[in-house]
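S.K.:
Residue numbers (this note's numbering): 2 to 117.
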């Protein structure tokens, strides 16, 4: 994950999901954003106040080609790449699962940086 305090929970969940018989039989594609090299137009990477929302109108990457089409690993802004995956899921009548971890000390689930 992008968060400094992240744990392997999301990765473990992805592995288990890929092993699930229903997911395998349904020919679902499982995408885990944590598995890819990333870039960003946000110097702080996950600042919610940053204007980028993953589309060509808000992404501030200088290279316009990186805002359209299939995201290029390590080059495209992670928000553009994430939006692209959400759009693919929508077109295929798929879905997204957001893993939010439980923090024992705070006694609540807290979204990671970039999840809000």
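We put the beta carbon where it would ideally sit given N, CA and C, even for glycine.
#1: Are residue 79 and residue 39 closer than 7 Å when you measure CB to CB?
#2: How about the region 43-62 and the region 80-90: do they share at least three Cβ pairs that are nearer than 8 Å?
#3: Is it buried or exposed, residue 8, if we count other Cβ atoms within 10 angstroms and call 16 or more buried?
#4: Does the distance from the CB of residue 100 to the CB of residue 11 come in under 7 Å?
#5: Quick one: what's residue 78 bridged to in DSSP?
M.R.: Answer, in terms of the structure:
#1: yes
#2: yes
#3: exposed
#4: yes
#5: 40
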